[in-house]
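K.L.:
From first to last, the protein sequence lines are chains R and G.
Mapped onto the working numbering, the consecutive letters of the first sequence carry residue numbers 46 to 641.
Mapped onto the working numbering, the consecutive letters of the second sequence carry residue numbers 158 to 511.
Virtual Cβ for every residue (Gly too), placed ideally from N, Cα, C.
Remember, it's a predicted structure, so these values are computed and weren't measured experimentally.
Can you read through this structure? Questions will come right after.
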Amino acid sequence: MMRVSVLILVVCLAVGFPLTAQEAEEAPGPGLGGIVIDGSTAGDPATFNPLIGGDTASSAVYGWLYPPIIGVSPFTGLEEPNLAGAMASGWEYDESGTVLTIQLREDISWNDGTPITSADYMWSIEAVRSGEIDSPRAGIFETMADGTPAGGNIVSIEAPDDYTVVVTFREADCISFSDVNDVTPVPAHVFSELYGDDYGAMADEPRRIPTVSFGAFKDVEFAAGERISLLADQSYPDTILGFVSPSEAVTLQVADENVETERFIGGELSILAVPATRQEEFRTDEKLLEFPRFEFTGNGFTFFGMNHANPDNPQPGFDEEGNLIPQEPHPVLGDVLVRQAISHAVDMDALIEGIRDGNGVKVATHTIPTSWVYNPELQYEYNPDLAMEKLTQAGWIDHDDDPNTARICEDCLFAREVDADYNGSDLTLDLHVPAGSEVGEQMGLFFQAEMNKVGFNAIFEAIDWGSAFLPELTGQTFDMNMLGWSLGLPVDPDISSFYYPEVDVPGSGFNFVSYYNAELIELNDQARVVPGCDTETRSELYGRVQEILFNDMPYFYMYVSEAMTAVLPGTRNWNPTPYSRTYSTDAWVSPAVAMP
Amino acid sequence: MQQYIVRRLLQAIPTLFGITLVVYFIMLLAPGDPVSILAFDPTLRQDERERLAMRLGVNDPFFVQYLRWLVGDDWMMVDSNYDGELDAWGDNYGILRGDFGSSFKFRGSNPLTLIGERLGATIELNLFVLVFGLSGGLLVGVLAAVYRGRTFDRLTRIFAVLGVSVPVFFLGYLLLLFFGIFLPRFLEGYGIGTGRPILPMGGRCPPIRGGCPDIVERLHYLILPVATSALGGIAGWSRFMRASMLDTINSDYVRTAFAKGLPTRLVWYRHAFRNAISPMTVFLGPAFLSLIGGSVVIERIFTWPGVGLLLFDALLSRDYPVIMASVVIGSVLAIAGLLLSDILHALFDPRIRY
Numbered sequence: 046m047m048r049v050s051v052l053i054l055v056v057c058l059a060v061g062f063p064l065t066a067q068e069a070e071e072a073p074g075p076g077l078g079g080i081v082i083d084g085s086t087a088g089d090p091a092t093f094n095p096l097i098g099g100d101t102a103s104s105a106v107y108g109w110l111y112p113p114i115i116g117v118s119p120f121t122g123l124e125e126p127n128l129a130g131a132m133a134s135g136w137e138y139d140e141s142g143t144v145l146t147i148q149l150r151e152d153i154s155w156n157d158g159t160p161i162t163s164a165d166y167m168w169s170i171e172a173v174r175s176g177e178i179d180s181p182r183a184g185i186f187e188t189m190a191d192g193t194p195a196g197g198n199i200v201s202i203e204a205p206d207d208y209t210v211v212v213t214f215r216e217a218d219c220i221s222f223s224d225v226n227d228v229t230p231v232p233a234h235v236f237s238e239l240y241g242d243d244y245g246a247m248a249d250e251p252r253r254i255p256t257v258s259f260g261a262f263k264d265v266e267f268a269a270g271e272r273i274s275l276l277a278d279q280s281y282p283d284t285i286l287g288f289v290s291p292s293e294a295v296t297l298q299v300a301d302e303n304v305e306t307e308r309f310i311g312g313e314l315s316i317l318a319v320p321a322t323r324q325e326e327f328r329t330d331e332k333l334l335e336f337p338r339f340e341f342t343g344n345g346f347t348f349f350g351m352n353h354a355n356p357d358n359p360q361p362g363f364d365e366e367g368n369l370i371p372q373e374p375h376p377v378l379g380d381v382l383v384r385q386a387i388s389h390a391v392d393m394d395a396l397i398e399g400i401r402d403g404n405g406v407k408v409a410t411h412t413i414p415t416s417w418v419y420n421p422e423l424q425y426e427y428n429p430d431l432a433m434e435k436l437t438q439a440g441w442i443d444h445d446d447d448p449n450t451a452r453i454c455e456d457c458l459f460a461r462e463v464d465a466d467y468n469g470s471d472l473t474l475d476l477h478v479p480a481g482s483e484v485g486e487q488m489g490l491f492f493q494a495e496m497n498k499v500g501f502n503a504i505f506e507a508i509d510w511g512s513a514f515l516p517e518l519t520g521q522t523f524d525m526n527m528l529g530w531s532l533g534l535p536v537d538p539d540i541s542s543f544y545y546p547e548v549d550v551p552g553s554g555f556n557f558v559s560y561y562n563a564e565l566i567e568l569n570d571q572a573r574v575v576p577g578c579d580t581e582t583r584s585e586l587y588g589r590v591q592e593i594l595f596n597d598m599p600y601f602y603m604y605v606s607e608a609m610t611a612v613l614p615g616t617r618n619w620n621p622t623p624y625s626r627t628y629s630t631d632a633w634v635s636p637a638v639a640m641p
Numbered sequence: 158m159q160q161y162i163v164r165r166l167l168q169a170i171p172t173l174f175g176i177t178l179v180v181y182f183i184m185l186l187a188p189g190d191p192v193s194i195l196a197f198d199p200t201l202r203q204d205e206r207e208r209l210a211m212r213l214g215v216n217d218p219f220f221v222q223y224l225r226w227l228v229g230d231d232w233m234m235v236d237s238n239y240d241g242e243l244d245a246w247g248d249n250y251g252i253l254r255g256d257f258g259s260s261f262k263f264r265g266s267n268p269l270t271l272i273g274e275r276l277g278a279t280i281e282l283n284l285f286v287l288v289f290g291l292s293g294g295l296l297v298g299v300l301a302a303v304y305r306g307r308t309f310d311r312l313t314r315i316f317a318v319l320g321v322s323v324p325v326f327f328l329g330y331l332l333l334l335f336f337g338i339f340l341p342r343f344l345e346g347y348g349i350g351t352g353r354p355i356l357p358m359g360g361r362c363p364p365i366r367g368g369c370p371d372i373v374e375r376l377h378y379l380i381l382p383v384a385t386s387a388l389g390g391i392a393g394w395s396r397f398m399r400a401s402m403l404d405t406i407n408s409d410y411v412r413t414a415f416a417k418g419l420p421t422r423l424v425w426y427r428h429a430f431r432n433a434i435s436p437m438t439v440f441l442g443p444a445f446l447s448l449i450g451g452s453v454v455i456e457r458i459f460t461w462p463g464v465g466l467l468l469f470d471a472l473l474s475r476d477y478p479v480i481m482a483s484v485v486i487g488s489v490l491a492i493a494g495l496l497l498s499d500i501l502h503a504l505f506d507p508r509i510r511y
């Protein structure tokens, strides 16, 4: 989720002036607002260079130091012009929708006084496109500089003058707009002096400390395995108060979210994304009620992926000539009636109330309540009788009139279409969740119990993420595996990364459930090329996309978490939004953290 | 002795080679691969993932990967632009020529550099653990032998069983919660303190700029990790020391010393102790070299920025070069530690000849 992480950071940093100086409380003065300390479980950053980085820890650092070309509003979650910390003052497409002209702000400079211009963006573009660096972003281009196909949609990027950038796309595509932001501008005058056009040399010093930056904080101090510290940059022009209030922003490494929570409660951290399991405590514990908190609907969803194809014979979506490969159905989940039966068998309200302490909003498609295409009317109906009826329709028979024992196949889909000997087989399924999350394991057990009440023999197991869960997920050898997607910003309902046959590749593709629906793909393709990316037209198309996903159930879409963020008592000017909990950091007045 | 050392060093070469071969094989055999973990990003296309796999060299057969790691690839043609054609000579020299490769996770950083920047923290922690574990263990062991069969001896036996059997991750979290949360809150309830942690709940230094202050100013950061880690050492060392003391005390020369009318304290602490400590030197070599080895669990719980934490992250992200660099260093240290033990043993015990 590299791009996701990057985009989240963009939101944190590249925002407008929603918290105005008038709205903000007074702060003691530049650099007098205390030290802001955030915890991180992401480990050390791989690099401070945005052109070769991509991991969460790295982007958390260079997100403070370099501007995105287009900012994302923390209030709408959408790209907007003239946002603080971002370069673009506006943009427009030509009539064909393939040429995007971006106008840049003329009032911003790097902290050494050099104006930020299109040359900075172009240096980054040329470096990434050169192919000399291992940039995770090279795939946005149609071809690399040497003509090697790169598979992306951007044909060219040019800078006719210092404050204009023209991007030409191979075809009009609404989701390619975000590609422009995948490459972060760097101070060209510094980087060209350091590396000239030997872009590959950047890889030799991934942790070179940036000397010139643009943001509320600067001057990285890095202690391996421990912390990253940045000092306030009072030359930053886009501050909320007219100055940067905190003196320093520190990211402190912590072992895990439990230790992070305890250290926050102990006063060692300024801010905490409260884990779901501790949120109720923050709502009810007398001591913890002192901590200001913000609750909002999260930007991602949890689901059980349901493998449509036979896990004993995983196949790619396409053959080498690009022809669709018909896949053998999953013995149980290959039948849509069985998948729908599961949706009726599990009481999601009980799960959310009982296991997640009410934390969660049910969803039944890939869109979340904060999305502009969300349809709240699509909800799974909890109805065990209907579940059993659908199983019977699907050829899974209750042979002993005991719903608690496993049904058996009597002319079920797999027996009909693949192997008649399958008749008489039990309705058995493996349910796997990644080990290490108590709540996740409880939810897995709950699914097992609910499914077994209607005639499944569901076998739950929590398995190690790296050595077991991930290999069987990407290898497509699982039955039902629980996972969560954290969505990037801006949230787009495009489904090409998850449900297209191109990404149904055993071993690596993200259509690991081997789902294919031609109508769905046609609708999504149409939605991507809507002239001007008109949201109303796209909403109509995605309305139908959601209906198809709701009925076909490639996933058992479960819930969107209710997120909670808390800060230390006494923190001022903390104005979180559902899209960013830290956009106003430069205005914060943070109480002293505990240093025993 | 010199001949013995040379012979042992020569024997170490195939041992080391065998260790790397077996570990590399197990590492690659283990489920999960670096590309799935590093590129678990639905927005990355399949060809980008394949390019990453080629760049990391993880698509090659086992022996090719191992050979590249061992002797480099500057003698073979490689696909430098990942287009499927072998078009250039490789540029890795292999560990036999001092090239430990490039970290997968840390974007080309040299694994030795990564280990080097954490070595100080690990040595610092483990030195304290060794000093406290050893001195505490010896003291408890001697006293347990002196007061054998009495209450103190029985208590140390219980302590030893607990010390050896309580998992360090459990004890670590327990101490963390007790000194970080429960005790401060309890005291605050009686108007003592502010409710803030009495001891730091992690890290090696205060989170302030300018690097770590002098160790004297941050000794309190060491208390919890050292206490957690040293407990097992004290328990283990104390049992060895007690047994060794009791062996010695039953020997003829000690009986003679008592018969000569020497004061009990003199017999115990001057004659018996000095001889009883000799067998303990067998453990000293590996113990000293474990200073550099790192403690994965302790460093993780207390976010101690050492080699153990780096190795933990490397294992999770399947960062093969960092894992292998750690293995090579660990193996060299283990072999050197055993050799050092033998040498120390010979030095302390004149009866031993090689």
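1. Alpha carbon to alpha carbon, what distance is there between Pro546 of chain R and Pro361 of chain R?
2. Between the C-alpha atoms of Phe543 of chain R and Gly529 of chain R, what's the straight-line distance to the nearest angstrom?
3. In chain R, what lies closer than 7 angstroms to Leu467 of chain G by C-beta?
4. What are the complete alpha helix (DSSP H) segments, minimum 4 residues, inside the stretch 458-515 of chain R?
5. Does Ile97 of chain R get closer than 7 angstroms to chain G when you measure Cβ to Cβ?
6. Examine the Cβ distances between the stretch 189-199 of chain R and the stretch 294-309 of chain R and report whether three or more of them are shorter than 8 angstroms.
7. DSSP puts Ile316 of chain R in a beta bridge; with which residues?
8. So, Met402 of chain G versus Leu295 of chain G, is the Cβ gap smaller than 7 angstroms?
9. Please identify, using Cβ separations under 8 angstroms, the residues of the stretch 261-295 of chain R that lie next to chain G, in order along the chain.
10. Counting only Cβ pairs nearer than 8 angstroms, list the residues of chain R close to Tyr422 of chain G.
11. To be precise: take each residue of the stretch 424-436 of chain R, compare its Cβ to all Cβ atoms of chain G, and keep it if any distance is under 9 angstroms. Which residues remain?
12. From what residue to what residue does the beta strand (DSSP E) around Phe349 of chain R run?
13. With a threshold of 7 angstroms between beta carbons, is Asp179 of chain R in contact with chain G?
14. Counting only C-beta atoms, is Ser258 of chain R closer than 7 angstroms to chain G at any point?
15. Who are the Cβ neighbours of Ile540 of chain R in its own chain at under 8 angstroms, not counting the five residues just before and after it?
16. Whole alpha helix (DSSP H) runs in the stretch 461-501 of chain G with 4 or more residues, listed along the chain?
17. Closer than 7 angstroms, CB to CB, is Gln159 of chain G near chain R or not?
18. Return the chain-ordered list of same chain residues with a C-beta closer than 7 angstroms to the C-beta of Ile178 of chain R, the five sequence neighbours on each side being excluded.
19. Look up Phe555 of chain R in the DSSP assignment and say whether it is helix, strand or coil.
20. Where does Val51 of chain R fall in DSSP's three states?
21. Cβ of Val55 of chain R less than 7 angstroms from any chain G Cβ?
22. Using beta-carbon positions only, say whether Pro255 of chain R and Leu110 of chain R come within less than 7 angstroms of one another.
23. Would you say Ala187 of chain G faces chain R, with C-beta separation under 7 angstroms as the test?
24. Tell me whether Leu149 of chain R sits in a helix, a strand or coil according to DSSP, three-state version.
25. Taking Ile413 of chain R as part of the alpha helix (DSSP H), name the residues at either end of that continuous run.
26. What separation, rounded to the nearest whole angstrom, lies between the Cα atoms of Leu441 of chain G and Arg314 of chain G?
27. Would you say the beta carbon of Ala294 of chain R is closer than 6 angstroms to some non-hydrogen atom of the ligand MN?
28. Identify every run of the alpha helix (DSSP H) within the stretch 354-385 of chain G, keeping only runs that are complete inside it and at least 4 residues long; order them along the chain.
29. Could you tell me the alpha carbon to alpha carbon distance between Ile310 of chain R and Val391 of chain R, rounded to whole angstroms?
30. Please go through the same chain and pick out, in chain order, the residues whose beta-carbon is closer than 7 angstroms to the beta-carbon of Phe289 of chain G, but skip the five residues on each side of it.
31. So which of G:Leu473, G:Ser435, G:Gln203, G:Ser483 has the shortest CA-CA distance to Leu504 of chain G?
32. Restricting to runs no shorter than 4 residues, where is the alpha helix (DSSP H) found entirely within the stretch 86-162 of chain R?
33. Using DSSP bridges, identify the partner residues of Lys263 of chain R.
34. Which stretch, first to last residue, makes up the alpha helix (DSSP H) that contains Thr627 of chain R?
35. Between G:Gly418, G:Val439, G:Met437, G:Ala414, which lies nearest to His428 of chain G when the distance is taken from Cα to Cα?
36. What residues match up with Gly184 of chain G in a beta bridge as DSSP calls it?
P.N.:
The relevant details are as follows:
1. Position 316 of the first sequence, counted from the first residue, corresponds to residue 361 of chain R. Position 501 of the first sequence, counted from the first residue, corresponds to residue 546 of chain R. So the two alpha carbons sit approximately 8 angstroms from each other.
2. Within the first sequence, the letter at position 498 stands for residue 543 of chain R. Within the first sequence, the letter at position 484 stands for residue 529 of chain R. Cα to Cα, the separation comes out at about 13 angstroms.
3. The residue labelled residue 467 of chain G in the question sits at position 310 within the second sequence. Here the neighbours are Gly270.
4. 458-462, 483-498
5. Numbered from 1 along the first sequence, position 52 holds the residue referred to as residue 97 of chain R. Judged by the 7 angstroms Cβ criterion, Ile97 of chain R is in contact with chain G.
6. no
7. Counted from its first residue, the first sequence places residue 316 of chain R at position 271. R:Asp83, R:Val612, per the DSSP bridge assignment.
8. By 1-based counting over the second sequence, the position of residue 402 of chain G is 245. By 1-based counting over the second sequence, the position of residue 295 of chain G is 138. No.
9. Glu266, Ala268, Ala269, Gly270, Glu271, Arg272, Ser274, Leu276, Glu293, Val295
10. Within the second sequence, the letter at position 265 stands for residue 422 of chain G. Looking at the sequence provided, one finds Arg at residue 422 of chain G rather than Tyr. Near Arg422 of chain G there are no residues of chain R at all, since even the closest Cβ is about 41 angstroms away, more than 8 angstroms.
11. none
12. For the purposes of this step, residue 349 of chain R is taken as the residue at position 304 of the first sequence. Where Phe349 of chain R is concerned, the enclosing beta strand (DSSP E) stretches over 345-351.
13. For this step, residue 179 of chain R is matched to residue 134 along the first sequence. Closer than 7 angstroms to some Cβ of chain G, the Cβ of Asp179 of chain R qualifies, so yes.
14. What you label residue 258 of chain R is simply residue 213 of the first sequence in a count that begins at 1. For Ser258 of chain R, the answer is no, since every Cβ of chain G falls outside 7 angstroms of its Cβ.
15. Here residue 540 of chain R refers to the residue found at position 495 when the first sequence is read from its first residue. Here the set comprises His411, Leu565, Asn569, Val590, Leu594.
16. 464-473
17. The residue you call residue 159 of chain G lines up with position 2 of the second sequence. Not closer than 7 angstroms to any Cβ of chain R, the Cβ of Gln159 of chain G fails to qualify, so no.
18. The sequence position of residue 178 of chain R within the first sequence is 133, counting from 1. Answer for Ile178 of chain R: Leu96, Ile97, Ala172, Tyr244, Gly245, Met247, Ala248, listed in chain order.
19. Translated into positions along the first sequence, residue 555 of chain R becomes position 510. If DSSP states are grouped into helix, strand and coil, Phe555 of chain R belongs with coil.
20. The count along the first sequence starts at 1 and reaches residue 51 of chain R at position 6. For Val51 of chain R, the pLDDT reaches just 34, beneath the cut-off of 50, and the residue's location in the model is therefore unreliable, although a value from the coordinates is still provided. If DSSP states are grouped into helix, strand and coil, Val51 of chain R belongs with the helices.
21. The residue labelled residue 55 of chain R in the question sits at position 10 within the first sequence. Confidence at Val55 of chain R is low in this model, with a pLDDT of 33, below 50, so the placement of that residue should be treated as unreliable; the coordinate-derived value is given next. For Val55 of chain R, the answer is no, since every Cβ of chain G falls outside 7 angstroms of its Cβ.
22. Position 210 of the first sequence holds residue 255 of chain R. Position 65 of the first sequence holds residue 110 of chain R. Yes, the pair counts as a contact, with Cβ atoms nearer than the cut-off.
23. Position 30 of the second sequence, counted from the start, is the residue given in the question as residue 187 of chain G. Judged by the 7 angstroms Cβ criterion, Ala187 of chain G is in contact with chain R.
24. Position 104 of the first sequence, counted from the start, is the residue given in the question as residue 149 of chain R. Reduced to three states, the DSSP call for Leu149 of chain R is strand.
25. As a working note, residue 413 of chain R is residue 368 in the first sequence. Run containing Ile413 of chain R: none; DSSP gives neither H nor E here.
26. For the purposes of this step, residue 441 of chain G is taken as the residue at position 284 of the second sequence. For the purposes of this step, residue 314 of chain G is taken as the residue at position 157 of the second sequence. Those two C-alpha atoms are separated by around 23 angstroms.
27. The model on display carries no ligand, and the ligand MN is accordingly not part of it.
28. none
29. The residue labelled residue 310 of chain R in the question sits at position 265 within the first sequence. The residue labelled residue 391 of chain R in the question sits at position 346 within the first sequence. Going from the Cα of Ile310 of chain R to the Cα of Val391 of chain R covers about 36 angstroms.
30. Taking the second sequence and counting its residues from 1, one reaches residue 289 of chain G at position 132. Result list for Phe289 of chain G: Val383, Ala387, in chain order.
31. Position 347 of the second sequence, counting from 1, holds the residue named residue 504 of chain G. Answer by Cα proximity: G:Ser435.
32. 101-110
33. Residue 263 of chain R sits at position 218 when you count from the first residue of the first sequence. Partner(s): R:Leu276.
34. On the first sequence, position 582 is the one that residue 627 of chain R refers to. Per DSSP, Thr627 of chain R belongs to no alpha helix (DSSP H) and is neither H nor E.
35. What you label residue 428 of chain G is simply residue 271 of the second sequence in a count that begins at 1. When only C-alpha atoms are compared, the closest one is G:Ala414.
36. Numbered from its first residue, the second sequence carries residue 184 of chain G at position 27. A small fix is needed here, since residue 184 of chain G is Met in this sequence, not Gly. BP columns for Met184 of chain G are empty, so no partner.
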